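Okay, structure first, notes after.
Number of protein chains: 2
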Amino acid sequence: MPQRHVVQMSTSHASYGVCVLGTEVFLDTRRSTPKGATSFDVHATSAVTVHIIHSPMTKPMINSRWPLDPDIEILVTIDVTSRTVNDNKVKISYYGREGNELSVAWLYLTCVDVSLDVDLSRNGRVKSKGKDKAKWTWGPNGQGAVLLVNCDRDSPGAGGTDSGQVDIRTTADLQDMSVMLLRTQGPSAIFAEYQVVLHVPESDADKVRVFHAVWSDSHPHYKPVLGPDKLSYVLDHVGSGENTFYVEGLAFPDVGFSGLVSFSASLLEVPHQNSPGTPIFTDTVVFRVAPWIMTPNTQQPMEVFVCSIQRGSDSNEVFLEGLQVLLKKANCKLTICSEVETRSDRWIQDELEFGYVEAPHKTFPVVFDSPRNRGLKDFAFKKILGPDFGYVTREPPGNAVSSLDSFGNLDVSPPVTVRGKEYPLGRILIGSPLPWASGRRMSKAVRDFLYAQKVQAPVEIYSEWLNVGHVDEFLTFVPAYDRKGFRLLLASPNACYKLFKEKQRQGHGEATQLVGLRGTERRSIDEILEDELLKNDNKHVQVVISWNRDILKRALGLAEPDILDIPQLFHGDVAAGAEAFFPDMVNMLVLGRHLGIPKPFGPLVGGQCCLEQRVRALLEPLGLTCTFIDDYFSYHVLSGEVHCGTNVRRKPFAFKWWHMVP
Amino acid sequence: MPQRHVVQMSTSHASYGVCVLGTEVFLDTRRSTPKGATSFDVHATSAVTVHIIHSPMTKPMINSRWPLDPDIEILVTIDVTSRTVNDNKVKISYYGREGNELSVAWLYLTCVDVSLDVDLSRNGRVKSKGKDKAKWTWGPNGQGAVLLVNCDRDSPGAGGTDSGQVDIRTTADLQDMSVMLLRTQGPSAIFAEYQVVLHVPESDADKVRVFHAVWSDSHPHYKPVLGPDKLSYVLDHVGSGENTFYVEGLAFPDVGFSGLVSFSASLLEVPHQNSPGTPIFTDTVVFRVAPWIMTPNTQQPMEVFVCSIQRGSDSNEVFLEGLQVLLKKANCKLTICSEVETRSDRWIQDELEFGYVEAPHKTFPVVFDSPRNRGLKDFAFKKILGPDFGYVTREPPGNAVSSLDSFGNLDVSPPVTVRGKEYPLGRILIGSPLPWASGRRMSKAVRDFLYAQKVQAPVEIYSEWLNVGHVDEFLTFVPAYDRKGFRLLLASPNACYKLFKEKQRQGHGEATQLVGLRGTERRSIDEILEDELLKNDNKHVQVVISWNRDILKRALGLAEPDILDIPQLFHGDVAAGAEAFFPDMVNMLVLGRHLGIPKPFGPLVGGQCCLEQRVRALLEPLGLTCTFIDDYFSYHVLSGEVHCGTNVRRKPFAFKWWHMVP
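Line by line, the protein sequences give chains A and B. If you count the first sequence from 1, position 94 lands on 94 in the numbering used here, and the numbers rise without skipping. If you count the second sequence from 1, position 324 lands on 1324 in the numbering used here, and the numbers rise without skipping.
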């Protein structure tokens, strides 16, 4: 779009035009140049600056006239807005070979200002003017405004998210939006002649909605003016002043949508009524839709969610008691969801992931609803979505999901730096099959969404070897005061065999596991160590975990001392799908320095569980407290553990996502 | 994917592993370190290099032993492939506080080579090895191989394009494909133990197909091994040698597909049969699918297509005679398509656009079939697609097309440089409505395709003001020997009024247009100049063309002398849709320096058409010859002209597209 206006000059009549502050007017002199003219000069009133664009070979003559050269261009700029229409004048005089004036072309110009402005510098205030407004850049010195997807439900009585509505019903709804100001200055008579239009490119129109704050009877009214199928809006009664617009996002970044949306204000020349105008000037601003951001275990917990299962042998009453002990220590809010709400689905980790969105003017949590859709299918939409609590979901076509779509298979690391590259919001971890295997995999719709958020660059690791297939079955992160501020905990068959052999050597080979649990098959350390099938299974599990270990070391820039190997055995082979052989300790709930660990019911040595003892010895020196919670019948035998049965809403990062460079 | 193999060291038994040439083996010593050990040293056979990775504070001791520090890592590399299995040895010795050896861990390593290779340097030959093979870069010093979409039809009896078939039937088909070699070296016994797998990421698998050349009875057989839904291929009988693969592209770059596809060869450790292996080493190569490239008027014509319309008042027999005169001058092949083939649709410019694809090993023309789909709907597929002539099309959902989808509305400029940025293949021009108007527009499917090709960055200009709405109604490019090698010709109402006024002044006001054309309304120069409605229409048309003129100047880096204004009038207003008032001269056929221009039937002055005379005066000094062709009843009165009724296949650019930086 040209940022300059072309005016046809003529010697038979005066020409009239508009010059927008900060832009050029190009004088098209092809028709005004008289026959026989060999030179020209240009004079103008004081506010006008004349620019002669010429090749290096062309020079003005002694009398400051210019030779007539087809490559010469005449541009003018004006640096103050007009008080009255046509108060700037430009005169081109043409001269013949003898220096005699042949004819004169006059131009009258009105200077106006048109500026579209947003929170360019990301401090919550709309800046007046700014350079390169059409560019959005990352980093601490970046610029460009931020837009939130209006995915919460502030409006009373709304069925879904606020973004699904084409009106504004509460002030709270307005606060989720970004302000855009259209400023105009100049004689109002000129705006009666030229149109001011706000517009959005066709490709962006379905990602946003714009409301115009119109005042009547000293009350603001919010008129929807741009959005899906509404590409332009002609302003009425334009004069010197400011129009306020509120902008909401309708869609998160995803495949085919970078997150950038632009708006433009144009000044149009309208030759006659009902004819499409041609633009003289266009001012463009760009927003980036804020990404959905996940929070790692190192972020402070705000609220823990768990499901209550009351009847039957798999009731979780014992578990809830254990959990409450932990929550009291951690001083964290516990929300117990009733069986009616959860439709008896206890795997709340798997159905949803809490995250947040942030703009300089507003932050709110957003729940990402998995396409898993078992009993908890409607829970996030019905119970979590609300005022200042957003909702987003992705569903694969035909809802073809696998166990790998559950969000126990989705995690995020604490902030890391990898060979100089910073990930100040950590990196998302996704469990996948091996790269070329065509087995179960998190659906493309979900993975595409996660990758498109950009600020927590995902790493895919190999989890499909597990029967359930989730990353939380073999890894977690805990906070630490030293080194990188955290440790990666990995389930380790080797560490478990080493521990059991040590205990055997010390004469405790007859100690059995699962003491105190009715109806279970208790095996002694000797029996476990003699089981060749189990040994074979775990040998392969160790190879697979070691492979992931190496990927994680490199993707997160970890050294050996950043990783702790937690003793754990699996059974079932990697091809058929392995499972934890006893409660899977890394599948823990991390609330600050308080850990809720599945009680492993390991062999008792000297009256103490040797597994608990070893894990305490590994974790307590880091300042962590270990609470072992009995989840045996309520979760473990159903192929899950503490982490699978809980979900945590955490505090957003203090770090602003736009300060990073993804 | 780790480019290093992890081997668990042990002091109780020897360890065995594989090292791939050029990669590292990481020795995991967590289990081999004996209690009480304080230092260690490492010795190895001659081909092995040992690397101790340590923090700057840790230093070897005087006896070249290393202190045991958890941050220390031991890596080994080997620089020649093994002759026999386990012919490299590494020994780690551990020492106690008194310097006494406590225990020893042994490792036996076999070194192999696995390399996936393509035409990395774009000279038509597969290079052995290379740096950064997984990176594809643009420019004269860029690297990375090129893939063609196998969109021609070499295979006899194939219904559609070769890419639609999962087998190879002719050598010609093979020649459209890119060669990929998988080279392996090492004792064959080791490859019986470790698998070699060729694989493609899920996201790329539907864009490519790979065939493995397998020899049996001294005949090659081409086995389809990777492609849509086939992500991996395990090689049989691997030893020291070379496997040849042929790769074809199935899809052009488009929204959501950058054009890059990668393939990897992995060496897998397989713990026991039927279990998924874990990768020790992966070698990755990247291809870019060649873009579809358009050819501007400045490229040499190879073949002109035109439709024969025999019966009725709109028969084009007269036109064809005129065209043959031009073609003889231009010494160019003419193909006249029968009315049966074209189903009486004469607008062959609108139905298709000729372009080409190029790889270092092969180039062929590709016709892009417009979704316009009138009589010529099946023409390109049935008559143009063939051996070494490719076919591609894009259709909007529901086939919702407008006149702006016709390819008379699609053009490409000659090569240009714009403020230092080079476009060595020119820039595509697309006619559109004004940016915010929701009127007729070329469908997104077609525009997305054009933008995704990247090498001829499109410019959208304003053509929707025309009734038909095509860019070829007001602009064309002709070759020139001077300046930038071409001129942009623009239809100009101003130039026409100027010419007519000049003729009126010279006393030719009574000269009439359309002399010799039966049944037409002839108007004199005086009558035309007096027509206020016509003047008003043309005033607005001139504003709109001037606006486009300024966009084109800036998008193509043109100066005033690069543009010629061709006298032309329009009627009908810009809001309702304007049309050429007399045959539209810029809508011409350009064959090298020979131009086939719609005969304007302008007012006769001194027995000569004053419009023809003026156009000759403008163009002949550039070395161009003007042949005016009568298209009045056969095209003009049906709202088209010479250009709309013809189509030209041109010579590809000498410039290689991968040498540019888009």
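Cβ coordinates follow ideal geometry from the N, Cα and C atoms, glycine included. Bear in mind that the values here come from a model prediction, so they are computed numbers and not experimental data.
Cβ closer than 8 angstroms: which chain A residues qualify as neighbours of residue i?
i         : result
B:TRP1465 : PRO276
B:GLY1256 : VAL255 and GLY256
B:CYS1199 : Residue identity differs from the one stated: residue 1199 of chain B is His in this sequence, not Cys. What B:HIS1199 touches in chain A: PRO435 and TRP436.
B:TRP1547 : PRO2, VAL6, THR278 and PRO279
B:ARG1668 : Any question about residue 1668 of chain B goes unanswered here, given that chain B covers just 1001 to 1662.
B:ASP1176 : Simply none; closest approach about 26 angstroms.
Under a Cβ-count criterion, where at least 16 other Cβ atoms within 10 Å of its own Cβ denotes burial, should residue i be classed as buried or exposed?
i         : result
B:HIS1237 : exposed
A:PRO652  : buried
A:SER64   : exposed
A:SER258  : exposed
B:PRO1002 : For B:PRO1002, the predicted structure reports a pLDDT of 42, less than 50, and the residue's modelled location is therefore unreliable. A value from the coordinates is still provided. Buried, since its Cβ has 16 or more Cβ neighbours within 10 Å.
B:MET1061 : exposed
B:HIS1659 : exposed
B:GLN1568 : buried
Compare the C-alpha of residue i against each of the options and name the closest.
i         : options                                       : result
A:PRO224  : A:GLY239, A:ASP217, A:VAL208 and A:SER216     : A:VAL208
B:GLU1073 : B:ASP1173, B:THR1033, B:LEU1182 and B:ASN1088 : B:THR1033
B:ASN1494 : B:VAL1515, B:PHE1486, B:GLN1542 and B:TYR1481 : B:GLN1542
A:THR11   : A:GLY606, A:THR23, A:GLY22 and A:LEU27        : A:LEU27
A:TYR423  : A:LYS656, A:ASP173 and A:ASP167               : A:LYS656
A:GLU242  : A:GLU358, A:VAL179, A:ALA134 and A:LEU466     : A:VAL179
A:TYR94   : A:LEU68, A:GLY312 and A:ASN88                 : A:LEU68
A:ALA47   : A:PRO70, A:VAL76, A:SER308 and A:ASP229       : A:VAL76
B:LYS1484 : B:ASN1548, B:SER1338, B:VAL1416 and B:ARG1372 : B:VAL1416
A:PRO600  : A:THR512, A:ASP562, A:GLY623 and A:VAL574     : A:THR512
What residues from chain A crowd round residue i, counting only those whose CB sits closer than 9 angstroms?
i         : result
B:ARG1419 : Near B:ARG1419 there are no residues of chain A at all, since even the closest Cβ is about 13 angstroms away, more than 9 angstroms.
B:ASP1482 : In chain order: nothing, as chain A lies at least about 13 angstroms away.
Give the range of the beta strand (DSSP E) segment to which residue i is assigned.
i         : result
B:GLU1248 : 1241 to 1249
A:THR278  : 278 to 289
Applying a beta-carbon distance threshold of less than 7 angstroms, which residues of chain A neighbour residue i?
i         : result
B:ALA1559 : ASP71
B:VAL1544 : THR278
Which residue comes first and which comes last in the alpha helix (DSSP H) that contains residue i?
i         : result
A:THR23   : Unbroken run through A:THR23: none, as it is neither H nor E.
A:LEU552  : 532 to 556
B:ALA1192 : 1188 to 1193
A:VAL446  : 444 to 452
A:PRO668  : Examination of residue 668 of chain A is not possible in this model, given that chain A is present from 1 through 662 alone.
A:GLY322  : 317 to 330
With 8 angstroms as the threshold, decide whether the Cβ of residue i is near any Cβ in chain B.
i        : result
A:GLY572 : no
A:ASN494 : yes
A:ASP550 : yes
A:PHE26  : yes
So that I know if they touch, is there some Cβ in chain A lying closer than 8 angstroms to that of residue i?
i         : result
B:LEU1181 : no
B:SER1232 : yes
B:ARG1083 : no
B:ARG1616 : no
B:ASP1152 : no
B:GLY1017 : no
B:ALA1330 : no
Counting only Cβ pairs nearer than 7 angstroms, list the residues of chain B close to residue i.
i        : result
A:PHE663 : The displayed coordinates of chain A run from 1 to 662. Any statement about residue 663 of chain A would go beyond what the structure contains.
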